[in-house]
Structure formats: structure tokens, C-alpha cells
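Numbering (full-length UniProt numbering), first residue to last: 1 to 452. Where is the CB? At the ideal position from N, CA and C, for every residue including glycine. Step one of this worksheet: look at the structure below.
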Amino acid sequence: MESQIERISAVECRVRVQIPWAEISPRFATKLRDLQGKARLPGFRPGKVPPHMLERMFGKGVREELARELVDETFQAAVTQHSKVPLTQPVLEEGTLNKDEAFKYAARFEVPPEITPQDYTGIAVRRRPAVADEAKIAAELKAKQEELTELRPLAEGNERTATQPGDVWTVDLDGAIGPQKIARKDLRVDIGETENEYIPGLAAALANVTLDQVGKTQTVRFSPTQERLKQELRGHEAVLTIGFRDVREKHVPALDDDFARDTGEADSLDALKAKIGERLLEEDKNEAERDARKRLVEVLLQRNTFEVAPSLVAREVAAQVDLFKRQVQQQGLTLQRLGVTEQQLSSQYRPQALFNVKAFLLLDAIGKAENIVVAEEEVEAELKEMAAERNQNIDRLRATMEKNNQLLLLRAQLREEKILDFLMSKAEVTEAPDPTPEAPAASESSGETAAT
């Protein structure tokens, strides 16, 4: 077998292969003999059809089948011989197999671009100072409050007759919003709350229900909150038969030292706030570092322009769409219910996918230029830390990750981190907060904003 290769573009090659007929002839003859034993033609006993007649009638199909087999068998060897890594299956351009002639074929395929990185040191990078946002601390405290909140039956001798904010109803629903049928059992409705409502506006519609409705049913009509409703249901009225199964009161603990002790994390509220603040500060420090590194990569890509194989971007897009679909399924939802299609997701994710692919290729090229590798000891240290976090045996974790090809991914991630560590060490890093977004300029003639 002889082969030649040519680069058509930065991301595509063409391979030309020639195989002598002497290597092909025995296989062609074998295929005809196999066909002779199976062929059924009028006037001939099974297995007695003359070879020349078989070749005349079936030779073209046999040669086409054999040509496909030869391409499949020789393509990988041919491109490997020329140190090329195909990203796609070959697209055959030429390749007709004729008897007594050498088989010649040409095929196109995509390849990674050849990148010679430049100007990747001394880059000016801004990194914002880390902060423990007071709003985030308050949100964490509220979340812990909700975790410790109790739902208690209404107290005996309770004199009120109507529900009020803080009551939690358990109801059964049966009805519709316009054309969409709705049926749910044991649905929780928090009176006075609008966040994460199953039907936007349902809690408000039940705000005046009397407590004696427990064990009864009632038909309710209301217009759901339009801005939080799916587009196709806007403008429709909700008509629901509601079975009131139970009502309870929320008992929210006060934010005090007793609350802090009940969390099991601190002995006082101040200590709990400090602990949350330290963790949030560390998380924000890591996020600030990731932001700085992303800005570094953006500058690198501006300084190093190159073409990317479409197949690489398509794979990254498909991976991101698949991840989103899995996350949606874990929440019991579907793309259809969210009102989005795979095609729309693909278009949405494509810019980020292109950035990811180009960043990976450029960082890999820099890693090769600087001979940055990951030692086995580094992989072992990372596995040990992961095993401790997951409370797993390290040998079992390693075996599982190796079986699922996650060990290769771990090595790649560690190498990328080392490359970014190197680049940040060579960058001119300054600490400065994020710039404050400018307010839109006011219109001098009308007083309206520019965005109006």
C-alpha cells in the first residue's frame, strides 16, 4: 500500500491511497466463490453458476463492497503513517475498483489545526478582590432558617377563621388552564409566597380561603400571573377543582444564638455569620481567580487566531445540550415543557462551545511548547483528596474512574490547570474591582433614557 497526504485547509486533509491488484485479487476471487455457493439462477444447479457469468451479473456490486472494505481497513493506517489524527470519518472523493487495476482512492477528513502559540507571557490581567457579600450571608441564613422551619398543626382553640400568610396547605388539583389539563395530588401551597409556585398566582387565589374548608372541595377561577406563565397559556383563565386536605402553620426560628446552636455549626449567631462569611470569601476568591483566568484566555485567543474544525465545535455543542437535557430530566421536566427545542439550545450554546474548543486547543499547544506534563504523583494526590471528600476507598475510586474513562479526563483537567498556573505566573496581574456599569445616558430633548 502506498499513500500520500495533502493539507486542503488549516483543518482538513486529503489522503490518497493506492493498493496493488495483486493484494486485492485473492479477496475478489473469494467473494465470487462465496457468491457462487449462494446464487440461484434459472437453468443452473445451486453452486454451478459459471464464474464468468457471476462476474458479469454481480461483479460491480462485489467490487463496490470490496472497495468500501478496503477504505475502512486502510484509511487509519494511511493517516497514521503521516502522523495525522482524523477527527471525522473519511469522505470518499475517488475510489472505483476495476478488475486487474490497482485500487486508488482519495478521501477528505478533518484534523486539529497546527498551532504555534505566540505572545503568551507578560499579559496584563485584572483580578478583582474577593468579598463575602452580606446579601449572600443573609440568603444563607434564610436558607438555614427554612431548613429548621417546622410545619405544625393549628393550635387548639385557635380563634381565626381564615387562612393567612405563613399557612401551608396540602391540596389536590384537577382542572385546566385554557387547553392544558392539570391534575396533581398532595400539592403544597404556601400562602403569601410566590417563589416556585406550581401555578403562578395560585397562592394569591387561595389567600381568603376559610380554615373550615379542610376535607372539602371548592372550584376556583383566577387569572394566573402572566409574566411567570408559559407563553402559550397566557391570556387563559385557570379553572380548578381543589380538594383541601390539610393546613398547617409555619414556625420560623428567630435568628439568634439558639438558632445558631440548632444548626450544629456554631455556638452563637455572630460565630455562624463569621463561618458563613469565611466560606463565601473562599468561594468568591476561587471565582475571582476563574474570572481572571478566563480574561487571560480571551486575550490569548485575540493574540493567536486560528481555524477550528467544525466537528470539534459540533461535539462540544452536543455535549452541552446533552448536559442541559440531563439536568432538566433530573428536575422532572422536558424541553417541550420549557418551550425550547434542541436546535434553539444548539444555537444558544454554540458561541461558548467555540470558545471552549479554541481555548482547549491553544492551551494544549502552549503546554506542549513549555513541556508541561502531569506526573503520576500529582494524579495520585488528587485521587487521594477526592476519595477523602467522598469517603471512598482510593483504589476503588481509581478503578471506577478508569473504567468510565474519567481518569483520562482528570489528567487533562490537571494539565490544563498547570498550564493556566504557568500563564498566570508569567502574567502582569493587578488587583482591581470590576468596573461599575455605566447608567444609560438621558435624552436631552425628552428626558427619556436611551434604551427607551
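Nonlocal neighbours in the same chain, by C-beta distance under 7 angstroms from residue i, ignoring five residues either side
{"i": "residue 324", "result": "345"}
{"i": "residue 394", "result": "383, 384 and 387"}
{"i": "residue 158", "result": "none"}
{"i": "residue 447", "result": "For residue 447, the predicted structure reports a pLDDT of 37, less than 50, and the residue's modelled location is therefore unreliable. The matter cannot be settled from this model."}
{"i": "residue 27", "result": "66"}
Pair within 8 angstroms by beta-carbon distance, residue i and residue j
{"i": "residue 214", "j": "residue 247", "result": "yes"}
{"i": "residue 113", "j": "residue 313", "result": "no"}
{"i": "residue 423", "j": "residue 301", "result": "no"}
{"i": "residue 2", "j": "residue 13", "result": "no"}
{"i": "residue 453", "j": "residue 125", "result": "No answer is possible for residue 453: the residues shown for the chain start at 1 and end at 452."}
{"i": "residue 255", "j": "residue 180", "result": "no"}
{"i": "residue 284", "j": "residue 130", "result": "yes"}
{"i": "residue 304", "j": "residue 362", "result": "yes"}
{"i": "residue 217", "j": "residue 201", "result": "no"}
{"i": "residue 172", "j": "residue 228", "result": "no"}
{"i": "residue 374", "j": "residue 411", "result": "yes"}
{"i": "residue 372", "j": "residue 426", "result": "no"}
{"i": "residue 101", "j": "residue 21", "result": "yes"}
{"i": "residue 148", "j": "residue 262", "result": "yes"}
{"i": "residue 154", "j": "residue 293", "result": "no"}
Coil, strand or helix - residue i by DSSP
{"i": "residue 349", "result": "helix"}
{"i": "residue 115", "result": "coil"}
{"i": "residue 59", "result": "helix"}
{"i": "residue 219", "result": "strand"}
{"i": "residue 333", "result": "coil"}
{"i": "residue 109", "result": "strand"}
{"i": "residue 121", "result": "coil"}
{"i": "residue 183", "result": "strand"}
{"i": "residue 153", "result": "strand"}
{"i": "residue 306", "result": "coil"}
{"i": "residue 392", "result": "coil"}
{"i": "residue 12", "result": "strand"}
{"i": "residue 177", "result": "strand"}
{"i": "residue 234", "result": "coil"}
{"i": "residue 3", "result": "strand"}
{"i": "residue 340", "result": "coil"}
{"i": "residue 74", "result": "helix"}
{"i": "residue 380", "result": "helix"}
{"i": "residue 210", "result": "strand"}
{"i": "residue 291", "result": "helix"}
{"i": "residue 95", "result": "coil"}
8 angstroms contact criterion, which residue i and residue j should meet: CB distance rounded
{"i": "residue 70", "j": "residue 8", "result": "Between residue 8 and residue 70 the Cβ distance is about 22 angstroms, and since that is not below 8 angstroms, they are no contact."}
{"i": "residue 335", "j": "residue 136", "result": "With a Cβ gap of about 31 angstroms, residue 335 and residue 136 do not count as contacting."}
{"i": "residue 277", "j": "residue 139", "result": "Not confirmed; about 12 angstroms, so no contact."}
{"i": "residue 10", "j": "residue 306", "result": "7 angstroms"}
{"i": "residue 458", "j": "residue 189", "result": "Missing from the structure shown is residue 458; the chain here goes from 1 to 452 and no further."}
{"i": "residue 134", "j": "residue 311", "result": "Not a contact, Cβ separation roughly 48 angstroms."}
Beta-carbon proximity list for residue i, same chain, < 6 angstroms, skipping 5 on both sides
{"i": "residue 434", "result": "128"}
{"i": "residue 266", "result": "260, 272 and 275"}
{"i": "residue 75", "result": "90"}
{"i": "residue 316", "result": "353, 356 and 357"}
{"i": "residue 174", "result": "183 and 241"}
{"i": "residue 86", "result": "79 and 109"}
Close beta carbons around residue i, own chain, < 8 angstroms, minus the five adjacent residues each side
{"i": "residue 234", "result": "226"}
{"i": "residue 269", "result": "255, 256, 257, 259 and 260"}
{"i": "residue 212", "result": "161"}
{"i": "residue 191", "result": "163, 164, 165, 166, 167, 168, 169, 203, 206 and 207"}
{"i": "residue 350", "result": "313 and 317"}
Count Cβ pairs between the segment 58-70 and the segment 93-101 that sit closer than 8 angstroms; are there 3 or more? Enough Cβ pairs lie closer than 8 angstroms, so yes.
For the segment 178-186 against the segment 201-208, are there 3 or more C-beta pairs whose distance is under 8 angstroms? Contact between the segment 178-186 and the segment 201-208 is absent, because fewer than three Cβ pairs lie under 8 angstroms.
Any 3 or more C-beta pairs closer than 8 angstroms across the segment 117-124 and the segment 353-366: Output reads yes: the segment 353-366 touches the segment 117-124.
Using 8 angstroms as the cut-off, can you tell me whether the segment 79-88 makes contact with the segment 377-384, which would need three or more C-beta pairs spanning the two stretches below that distance? A contact is defined here as three or more CB-CB pairs under 8 angstroms, and the segment 79-88 fails this definition with respect to the segment 377-384.
Are at least three pairs of beta-carbons, each pair with one atom in the segment 146-165 and one in the segment 221-235, less than 8 angstroms apart? In short, these stretches do not touch, since the Cβ pair count stays below three.
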